[in-house]
Each structure stands twice: as structure tokens, then as C-alpha cells.
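Here the structure is laid out as C-alpha cells; the discussion comes afterwards.
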Amino acid sequence: MTRVVLLGASPGPDISPTGLRLAALSGNPSVSERLRSQLTSMDPRFATIPTDDVASALRALADVAEQATESLFIIPENSVVHDELIYQITKSKRGALALVAKEPRVGVTEDNGLEENGPEDNSAEDRIPIDEAEPEIGMNRVEGLPVRLRVGKSRVVSVGTANHAVTRPNAVALGPLHISARNAPRLAETCRELAAMADRFGADDDLVQLVVFGLVRNGVSVGIRGRRDLFYRRVTTQEEVNEAGAEMAGMDEDRSRLNNAVKGADGFFTTFFVSTYSRYIARWAARRGLTPNQVTLISITLGVAAAACFATGERPWMVLGGVLIYFAFVFDCVDGQVARYARKFGVLGAWLDATFDRFKEYVVFAGLAVGWVVSGNGDEIWILALAALSLQSVRHLLDFSFGVANRRKPPAPLPTTPLDAPDDRDLRQKLTARKVERSQGLRGVLKMWTKAGKYRVVHWARKMIVFPIGERFAAIAITAALFDARITFITLVIWGSVAAAYTLTGRLMRSLV
1 MTRVVLLGAS PGPDISPTGL RLAALSGNPS VSERLRSQLT SMDPRFATIP
51 TDDVASALRA LADVAEQATE SLFIIPENSV VHDELIYQIT KSKRGALALV
101 AKEPRVGVTE DNGLEENGPE DNSAEDRIPI DEAEPEIGMN RVEGLPVRLR
151 VGKSRVVSVG TANHAVTRPN AVALGPLHIS ARNAPRLAET CRELAAMADR
201 FGADDDLVQL VVFGLVRNGV SVGIRGRRDL FYRRVTTQEE VNEAGAEMAG
251 MDEDRSRLNN AVKGADGFFT TFFVSTYSRY IARWAARRGL TPNQVTLISI
301 TLGVAAAACF ATGERPWMVL GGVLIYFAFV FDCVDGQVAR YARKFGVLGA
351 WLDATFDRFK EYVVFAGLAV GWVVSGNGDE IWILALAALS LQSVRHLLDF
401 SFGVANRRKP PAPLPTTPLD APDDRDLRQK LTARKVERSQ GLRGVLKMWT
451 KAGKYRVVHW ARKMIVFPIG ERFAAIAITA ALFDARITFI TLVIWGSVAA
501 AYTLTGRLMR SLV
């Protein structure tokens, strides 16, 4: 669950958001009515905080955070926003996430480089300037807000206020801010500290940017994301509302929702040979009421049919088996895409998907071995089949155990600096020292390998070397259709062994740092 915190319109509108009407949208709703309707599905309990007095607003927000047992979604009530953008922000795995807009530059789009992030990533300290350039207070404005954030690739690096300088500010916090339940106590503590020094802030300091300012200085990793192909804007006049409504009505929200249904970190084969069209199958299935579990059953059926074809040992059936195992994988991708597109998630579905991925793979191994034997080639093939099965089982076990252990590891703490420090020099020095420390020994090697991923060839090579499920099913389909079961198993054992050595080495190194 997520608790919604509505901030009084800030900067204040000429008239109440209840009086601002979105004529370009169906039903001519007011800005306030539409936003509350959008947020009701998340949690019908709203905490509305007036922002006329900054100190009072911060103390009220602290009270809400102290009582929170769930994550908090903070948003100004004069926001015009797509449903999908709200959904994507609130489903982030980050401990804190802010919607930001970068300062427009010649030849650079506003949100360029602001990507969605996975779990906590504190690597963006590398982006902070290391030179001795003087800090400055952002005087430019984006979306009517002063540019007082310094953002890196994945998180907010430093924040300023009207009276707290920040080095080379390049972004603003637009308004929506998501805080996980584990960071709610830090939010409460930060808001009380900020309230005690409210007299040091300026009249044009935005409440959300002040909260981000406090969180970053208190060592909380605040992730960032841009609007991308979705809409968000704070409105203050009916003219702005009319412009926002017309612009939002002209954007394809469903397309963004469909694109978001595809996982962004898939392997090479899945990305280029499946996801290019599987999303459209997913949308077709979702619109006709098919559930993710039903799509999973289709995938299982195709996998078993492929195994039956392989078990004949005859070339035409082997080719058909290759085709069927390919489409079994396609529908294995589709079931997850249907779940994300239709927002239908469940424990049973997750268990079925994980369990029957293994079942399809292993039943195909059995079918290939049986087909080799019935073709009169001898039963030594079972040794290769068991080797492939055992190797893959060990890899799954290592993946699961490392994932569990890694989740227990707390994120690396970020440097802190006093809220009353006039600039971010102390924070920059600490981040520079941290960068030097993390560039030595095993950390340095891992960091270099991570940075090498900016080259597309290296990026995709790293994706393929771990032999993910897409590549495994592709290897089975191609080698079984063109060659025979023996070649298939040899390919699986060799590639799987290389993948196991690569991942085990990387995980050992990460466990030691």
C-alpha cells in the first residue's frame, strides 16, 4: 500500500485547483478532482498539507511520516499527470525517487539521461564535479521552479536553496516524490530539522525541493527519473490548464504503458527477437481478458509439445520442435508483459512462472535425449543430458542464494553534511574521497568493468555471456532444428560452464568488497 500526501498547490495558483477545469479531457474535471480520482486507487486516505507556511507544512509532513507504516507518495494538488506516470513512480524499488526535469541545453532534450533505476544504486557520486569550481545558486528556471538540483545518472547528487549554494545545478524536482516505508523515519527527522531552520529559506524555495535538499544532505539516496513520453505539469492558471489538457490529450499514454510492460534489462535475444512484437500479443491478450496464468499455461503446452516433437528423433519433427520451443519462450515473455500491462500480479502467478520455466527446459532435455535413443544412436546421450540439467540446476541455485544474500546487505551509506552548511563543498570533498576509495582494489576492477558497459558491444556481450533463458531456448531451438541432440547438449554444457564461471567470479568479487 501507498499513503498519499497532497501538498497545497505550490507555487500557489491564481485560483484553487478545484476551480481549474481540464476542458480538453472527458468530463471537464477540475484539476483537484481528477488528481484525487487518480490517486484513490492507491489509497483512499489522503493527508492534505497546506503550504502557505513552510515551517508548518514541514512539521505536518513529519507527523505523517512518523505515523506511516507504508510508502509515501507526495504530490502537489495542482498537478496534471498521466496515471501511468504515477504508477511507474510508486512501483519503483528505490528507497526514494523524485520526478525531475533537467535544465534545457542546446542539442540536449530536457530529460535526456534520466533513466529508471533498479534497486539502490549509489554509483552516481562519480558525476559530481571534482574540480575547485565555486558553488553557485541556480538562477535559471525550469517549469517555473528555480534550478537548484545537481543530478547525476541515477540520483540527486546535491541540492541548494535560495540561501544554500549548489555546484552547477542542472535540474529541478518537479513535484512527485516517492519515499519507501524504510525511509519514512528519515523523512520525518529531516522535515523537523528543516522546519527548525525555515527562516533560512527564500520565498521561492519549493517545498518538494526543500525536502529533497534535506534528504540528500542527510545521506538518503534519492533516485531520479524523467517524464519521458508521459505528461506532468503543475498548473497555476486556467490558461496553463488548457495548455496542459490539450498536450496531455495528444500523448499516447497506452503506448507508454505497453512499452513499460517490457522489462528493460532483458538479454540480447529477448530484446531483439521477442520483445519487438511480444508486447502487442500481450496487449491483445489483456484486452480480451486473458490472465497471466492462462498465458503461462499456453507457454507450458507449447514447451511440452516441443519436447514431444524432439522425442521422435525425426528431422521434420525436430524442426517443428525448434519452432515450438521458440514460441514457448515468446509466451513465457508475454505472461509477464500481460501482468505488467494489466497490472495483475499474484503470488501464484510468480511461482508458476518461475517453476514452469524450469519444467519446460528440463522436459525438453528429456525429449531430446529420448529422440536420440529412439533414432538408434545409443543411450550415452543421457550422460550429456544429465550434465546439462545438473549444470543448469546448480546455476539456478547459485542465482537464488546470491539474490537472497544480496537483499540482506544494506545499501552503502552516502556521505552527509549539515543542513545549515552554506554550500556543498564539504559534501563534494566527502564524495571525492569516497570515489577514490571505491576506485581501488577489487572495487576498482568491478567499477572499470561496469563503466565498460557504456559500449554497446560490451553491454550485449555481458548480457549474452551469462546465458540467460532467452539465449538458452534459442540455442536449443537452432541446434536441435539444424543439427542433433548431441550438439544441443554440448552447446548447453560449454556455454553454461562459461556462464557459471563468469557469474561465480563476479559474485565472489562483489562479496569480498
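According to full-length UniProt numbering, the stretch in the sequence shown is residues 1 to 513, in order. We put the beta carbon where it would ideally sit given N, CA and C, even for glycine. These numbers come from a predicted model, not from an experiment.
{"query": "For residue 179, I'd like the list of residues in its chain whose CB is within less than 6 Å of its CB, leaving aside the five on either flank, ordered along the chain.", "result": "72, 96 and 187"}
{"query": "For residue 325, which residues of its own chain have a beta-carbon under 7 Å away from its beta-carbon, when the five flanking residues on both sides are left out?", "result": "303, 306, 364, 473, 476 and 477"}
{"query": "Is residue 235 helix, strand or coil when you go by DSSP?", "result": "coil"}
{"query": "In angstroms, rounded to a whole number, what distance separates the CA positions of residue 123 and residue 342?", "result": "Below a pLDDT of 50, predicted positions are generally treated as unreliable, and residue 123, at 39, falls in that range; the measurement from the model is reported next regardless. Taking the straight line joining both Cα atoms gives about 33 Å."}
{"query": "Please check the pair residue 101 and residue 172, which I expect to be a contact at CB under 8 Å, by giving their CB distance rounded to whole angstroms.", "result": "6 Å"}
{"query": "To test your reading of the DSSP string, which unbroken alpha helix (DSSP H) runs of 4 or more residues are found completely within the region 136 to 183?", "result": "none"}
{"query": "Kindly confirm or deny that the region 455 to 470 and the region 230 to 250 touch, where touching means at least three C-beta pairs closer than 8 Å.", "result": "no"}
{"query": "Using the beta-carbon count (16 or more within 10 Å), is residue 407 buried or exposed?", "result": "exposed"}
{"query": "Would the region 26 to 36 count as touching the region 140 to 160 if we require 3 or more Cβ pairs under 8 Å?", "result": "no"}
{"query": "Can you check which of these residues, 143, 214, 203 and 258, is closest to residue 229 by C-alpha distance?", "result": "258"}
{"query": "Should the region 350 to 362 be regarded as contacting the region 285 to 296, the criterion being three or more beta carbon pairs within less than 8 Å?", "result": "yes"}
{"query": "Use the C-beta contact count for residue 4: other C-beta atoms within 10 angstroms, 16 or more gives buried, fewer gives exposed.", "result": "buried"}
{"query": "Excluding sequence positions up to five away, which residues of its chain have a Cβ less than 8 Å from the Cβ of residue 89?", "result": "73, 97, 99, 176, 178 and 225"}
{"query": "Bridge partners for residue 223 per DSSP, in chain order?", "result": "97 and 155"}
{"query": "Can the beta-carbon of residue 419 be found less than 8 Å from the beta-carbon of residue 194?", "result": "yes"}
{"query": "So residue 513 is in the alpha helix (DSSP H); what residue range does that whole segment cover?", "result": "Residue 513 -> no alpha helix (DSSP H), and no H or E assigned at all."}
{"query": "Report the rounded CA-to-CA distance for residue 140 versus residue 160, giving the unit in angstroms.", "result": "13 Å"}
{"query": "Please name the residue or residues paired with residue 49 in a DSSP beta bridge.", "result": "7"}
{"query": "Quick one: Cα of residue 442 to Cα of residue 223, how far?", "result": "26 Å"}
{"query": "Please confirm whether residue 282 and residue 265 have their CB atoms less than 8 Å apart.", "result": "no"}
{"query": "Contact check, residue 142 vs residue 103 under 8 Å by CB: the rounded distance?", "result": "6 Å"}
{"query": "DSSP puts residue 80 in a beta bridge; with which residues?", "result": "233"}
{"query": "Using the C-alpha atoms, what's the distance from residue 405 back to residue 390?", "result": "22 Å"}
{"query": "Mark residue 484 as exposed unless 16 or more other C-beta atoms lie within 10 angstroms of its C-beta, in which case mark it buried.", "result": "buried"}
{"query": "So for residue 343, helix, strand or coil by DSSP?", "result": "coil"}
{"query": "Would you tell me roughly how many angstroms separate the C-alpha atoms of residue 427 and residue 221, rounded to the nearest one?", "result": "13 Å"}
{"query": "How should residue 452 be labelled, buried or exposed, when 16 other C-beta atoms within 10 angstroms of its C-beta is the threshold for buried?", "result": "exposed"}
{"query": "Would you mind stating whether residue 163 and residue 416 have Cβ atoms separated by less than 8 Å?", "result": "no"}
{"query": "Please list, in chain order, all residues of the same chain as residue 480 whose beta carbon is under 7 Å from its beta carbon, the five residues on each side excluded.", "result": "310, 318, 321, 322, 368 and 488"}
{"query": "What does the alpha-carbon distance come out to for the pair residue 51 and residue 8?", "result": "5 Å"}
{"query": "What is the DSSP secondary structure of residue 73, counted as helix, strand or coil?", "result": "strand"}
{"query": "Check this for me: beta carbons of residue 486 and residue 384, under 8 Å apart or not?", "result": "yes"}
{"query": "Taking the C-alpha atoms as reference points, what is the distance between residue 395 and residue 91?", "result": "29 Å"}
{"query": "Under a three-way DSSP split, which group does residue 409 fall into?", "result": "coil"}
{"query": "Tell me, to the nearest whole angstrom, how far the beta carbon of residue 499 is from that of residue 467; I am working on the premise that it is less than 8 Å.", "result": "4 Å"}
{"query": "What residue range is occupied by the uninterrupted alpha helix (DSSP H) comprising residue 377?", "result": "Per DSSP, residue 377 belongs to no alpha helix (DSSP H) and is neither H nor E."}
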